[in-house]
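Chains as they are written, first to last, in my numbering: chain A, 1 to 931; chain B, 932 to 1019. Think of the CB as a built atom: it goes at the ideal place given N, C-alpha and C, for glycine as much as any other residue.
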Amino acid sequence: MSGTRLTSGGLIDRARRIDFTFDGRAMQGYAGDTLASALLANGTRIVGRSFKYHRPRGVWGGWFDEPNAIFSVKTPRGSLPNVLGTTTALTPGMEIKSVNAWPNARFDVKGALDLFNPWLKAGFYYKTFMKPDWHLFEPMIRKMAGLGALEPDLIEGYTSDQVHATCDLLVVGGGAAGLAAAEGAARQGKNVWLVEDHAALGGGLYRMGGTIEGLAPADWVTARKAAIENAGGRILTHTTAFGVFDHNLYGLAQQSALDVAPTLYRLRAKDCLLASGAIDRPVTFANNDLPGIMSLEAGIEYLGRYGVLFGKAIAIAANHSQTASAAARLRDAGAAVSLFDPANGDLSATGRRRVTSLRQGGRAEAVDCVLASAGWTPVLHLWRHAGGKLRWDDTLATFVPAQAPKGMAAIGAANGIFDLDQALAEARACATGEPYSPSPPRFNLTPTLPKPGAKGRQWIDFQHDVTLDDIALAERENYVSVEHLKRYTTLGMASDQGKISNIPGLAAMAALTGKTIPEVGTTTFRPPFVPLPLSLYHGPHSGQNFHPLKRLALEKLHRSSGAALGEYGGWLRPAWYGNQPGPDAAQSEARMVRAAGGILDASPLGKIEVMGPDAEAFVNFVYYNTMKTLKPGALRYGFLLTEKGVVFDDGVVFRMGPKRFVISSSSSHAEGVTGLLESWRQDGNDPDRVFVHDTTNHWSTVTVTGPKARNVTRSLGLDIDLSAEAFPHMTFRETSWNDVPLRIARVSFTGEVSFEVSIPASKVEALWTAITDAGEPFGVSPIGIEALSILRAEKGFIIIGKDTDGETMPHDLGFTLPRQKKSTAFVGDRGLHTEVANEPDRRQFVGLSVTGDAPLPTGAHLVEGADRRSFGIVTSSYISPNLNRPIALGLVERGAERMGETVTLFHLGKTYEATLTSPVAFDPDGARIHA
Amino acid sequence: MQLFPCPFCGLRSEGEFHFAAEAGKTRPVTTRDVNAEEWAAYLFDQKNEKGATREVWTHLPCAEMFIMSRDSVTMEVLGTQTLRKLPA
Ligand SMILES: [Zn+2]
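Now the structure itself:
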């Protein structure tokens, strides 16, 4: 079996053996191996099957340029799909599975697909599965498509840490150029960060062999690392710079092990030196996808870094001046090497499941490995993310950096400099600002580009199975723009995002259309440069860390009273109390309120202070209702509108004094209302004459409501006459209780006499205890939000956002006066007189009385005609424990003038009947509220 | 993630800010007749300029609204200016 580990050489630690399995077979590797190097060392040729034809595929690349070696991996901590074998470190106990292959990579049942290849050309899916209906084919195609599968054994605690940092200079790439540049800049006193995606620094140095500046590569790297760190520089290995974002933000992902979530660094770097190197371009020839055919770079990378000599009889098909040294390295390691120059004629490989020979004209060599290179392609993804321009270089047959983005320069191979001495000189000069005179390039190549029309299947995109013929087909069907070519053939759309297929694909299209490659253009490069787990971006920002619940000062007491807590408008609030099932508890609490009374934690009600000499005019302007006539000590219900006239919030306004108001917004809306008020205060008013301050969290509110509310409140011993005559509905008083300021208001959301008692949040436990103790003898105890929702619906009181929608205006809710009479300007005034606002068919707020015992489903539509045209919806629906029948509220076209009409409702296939009524089902005269 | 300079808090992360409006719009005086075209223009017409723009933004932690000039193509922030009167 060919492909063996050498007894010496490379960066692996032969003292630390690692056991793993591949498709169930036991194998061994060493610390320092990647999955791919370990598989190659074990002689594995076929690592997976291609996406479309299920062709057998082997390892092609040495690092992130790998299209084929994608696995599902199970570690002792859990399973991960879509693992790139060439960049993932091997760790003990890994179970590696090939993908796109059933039952395994060597024997693939679906491999028969390849026999049907004439039908699977570019655009095949688009053309074939459209008739009669794509959806008939979709399940079958989805089953066959995709890479790994998600396994249920998710990794616990797979959460990325996120670090924010800044630096003067970011050097991307820890190869020779990057290390030299980072050292130069760090010695000048700059705060330098250097990132390298391999575990070890040194880049391509291990590939080349020989010495660098008189030192062995490992020693030279150690010296540079020490110099950078001694000068205060920071080096991150195993770290990929995956994207450049606005305002010099660089995304870095640091991976410690496959089954540990990578760490995200959000780094602001003033400047960036791109030393990201270059990757090999494939040579496009017949059957160039056979296992055993690799990039030349990969072949000597596995030798130099991992001590793996993959072939014994190796053919090199390359076109440049570094071919000879690569051949010498392979021969030194013990391989027989034959050289092929692509310029001498069309190449073709033969073999089944593995390459067995390479031919050119009459020449044929029996080989077990072909290493191919059409030259270097600089890695310029970050350059393009940052907005840098590219230039096609004819002599290098690739794109090289042109106009630089702000704050970025490219050095070394990324800048098209493939000669080591030259790259070092350039890197040091670029980092330090010292002068640099380029010497003539010591690298040359004979351009080798794909030749349309050549014989055999010539693969351009290995992972997505795009061949030269597919590109020719796309051209014949006029998909010649690169963006169309990409989407029609899926060229470059695999998980490698065209890292190796991009230039051959463009060159083929250029040749087919008679254009130059720059005329064909490139597709857009977008972050991330390599596939990354989404966990990297959200990090710990999920659940409570992302959207924390607002907590009540009384939460501890509620819990000890047996409250069932739930989220209501962002607050964690008691839904009901006690051990009954929720709906039953809410029914009995709602009954108790009307029989005796209830006590509610109403603390989330907004308490937004508006004060200053212009406060009166300001509140009058932002409110639909006239507020300037409000007297100190009184409060008024009203609406805040958007400029379109749509109801934004409802609530009551307290007038504290001539220049001071408190706006009590609805419970879930305090921040939104504060924002609206601030917006009008600062942008449209004189912000020095009116001030807005949200005190919702500083004041807690306990509401006592029901026929016994006055008796319960009286036991607080306040120095206030609580009688209906002295303290009428819609007024409030300020006093103190146990030397703590206290505000008490008569305002009601239940339709019963209510006292809303507000006190600084730090003192509310004492108040709650006093009130609940006082309530006990009267049969008055705490109630939750569910009971409150029923009580307010019995009275036809709306909840904004539930009983209103994004079109509801105040006159739809029966509040018509300010629209007709208010003489001063207010927010939304003109919006209330548009064509839409005057539309006679507007949906208006109504009650619905149901025939029978079953409540209407919330969301049911009122329908008419054979086509069931909807002319309204049910917005709230409950069983009323006080009326002993279902009640409902809704928004209905022309609802106000249709009272008494019987309507049909439709919901999820069922039909209901109801009568339109006034929204107020309970105590329509309102006698109880004033009692 | 961009960095925006709040006139009061300094350079802060984009996520702390909300866009409010394009700068320079004046609310029509609604105590007189405002025709539908004028009102629609106030509500809906946006310049959506390519290049230099002037916009009103809010810095949420301090609730301050201010004018920010920025380039909608390069994302460069050209400057910020407070809406409130500064002491002479
Ligand atoms: Zn601020």
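Straight-line gap, residue i to residue j (C-alpha atoms, nearest Å)
i: Arg329 (chain A); j: Ser295 (chain A); result: 15 Å
i: Leu549 (chain A); j: Gln188 (chain A); result: 49 Å
i: Lys97 (chain A); j: Asp153 (chain A); result: 15 Å
i: Phe871 (chain A); j: Pro840 (chain A); result: 13 Å
i: Tyr577 (chain A); j: Leu90 (chain A); result: 55 Å
i: Val466 (chain A); j: Ile460 (chain A); result: 6 Å
i: Thr75 (chain A); j: Thr377 (chain A); result: 35 Å
i: Thr804 (chain A); j: Arg843 (chain A); result: 10 Å
i: Arg305 (chain A); j: Lys389 (chain A); result: 33 Å
i: Asn882 (chain A); j: Val653 (chain A); result: 30 Å
i: Lys499 (chain A); j: Tyr479 (chain A); result: 21 Å
i: Pro531 (chain A); j: Tyr158 (chain A); result: 17 Å
i: Gln458 (chain A); j: Met509 (chain A); result: 14 Å
i: Val244 (chain A); j: Val987 (chain B); result: 27 Å
i: Glu483 (chain A); j: Glu477 (chain A); result: 14 Å
i: Asn100 (chain A); j: Arg487 (chain A); result: 22 Å
i: Ser700 (chain A); j: Val846 (chain A); result: 33 Å
Interface flag, residue i vs chain A, CB-CB below 7 Å
i: Thr1011 (chain B); result: no
i: Thr962 (chain B); result: yes
i: Leu942 (chain B); result: no
i: Arg985 (chain B); result: no
i: Arg1001 (chain B); result: no
i: Val965 (chain B); result: yes
i: Phe948 (chain B); result: no
i: Ala994 (chain B); result: yes
i: Trp988 (chain B); result: no
i: Gln933 (chain B); result: yes
Whether residue i touches residue j by CB criterion (7 Å)
i: Val874 (chain A); j: Ala888 (chain A); result: yes
i: His693 (chain A); j: Pro527 (chain A); result: no
i: Val195 (chain A); j: Ser276 (chain A); result: no
i: Thr284 (chain A); j: Pro450 (chain A); result: yes
i: Gly232 (chain A); j: Ile155 (chain A); result: no
i: Ser1003 (chain B); j: Arg985 (chain B); result: no
i: Tyr568 (chain A); j: Ile879 (chain A); result: no
i: Glu183 (chain A); j: Ile228 (chain A); result: yes
i: His930 (chain A); j: His729 (chain A); result: yes
i: Val647 (chain A); j: Gly606 (chain A); result: no
i: Tyr624 (chain A); j: Pro818 (chain A); result: yes
i: Leu236 (chain A); j: Gln254 (chain A); result: yes
i: Val690 (chain A); j: Phe618 (chain A); result: yes
i: Val367 (chain A); j: Ala327 (chain A); result: no
i: Gly407 (chain A); j: Asp246 (chain A); result: no
Contact with chain B by residue i, beta-carbon distance below 7 Å
i: Glu678 (chain A); result: yes
i: Gln682 (chain A); result: yes
i: Asp161 (chain A); result: no
i: Ala366 (chain A); result: no
i: Pro687 (chain A); result: yes
i: Leu908 (chain A); result: no
i: Ala241 (chain A); result: no
i: Ala825 (chain A); result: yes
i: Arg830 (chain A); result: yes
Counterpart residues of residue i in DSSP-defined beta bridges
i: Leu358 (chain A); result: A:Ala349 and A:Glu365
i: Pro932 (chain A); result: Outside the displayed span of chain A (1 to 931) sits residue 932 (chain A), for which this structure offers no information.
i: Val283 (chain A); result: Val283 (chain A) is not bridged to any residue.
i: Trp571 (chain A); result: A:Lys550 and A:Tyr568
i: Ser439 (chain A); result: Ser439 (chain A) pairs with nothing; no bridge assigned.
i: Glu864 (chain A); result: A:Arg869
i: Ala313 (chain A); result: A:Ala336
*Within 7 Å of chain B by C-beta, residues of the stretch 640-666 of chain A in sequence order*: Glu643 and Lys644
_Along the stretch 243-254 of chain A, where does the CB come closer than 9 Å to a CB of chain B? Name the residues._
Phe245, Asp246, His247, Asn248 and Leu249
*Contacting positions in the stretch 455-487 of chain A - beta carbon closer than 7 Å to chain B*: none
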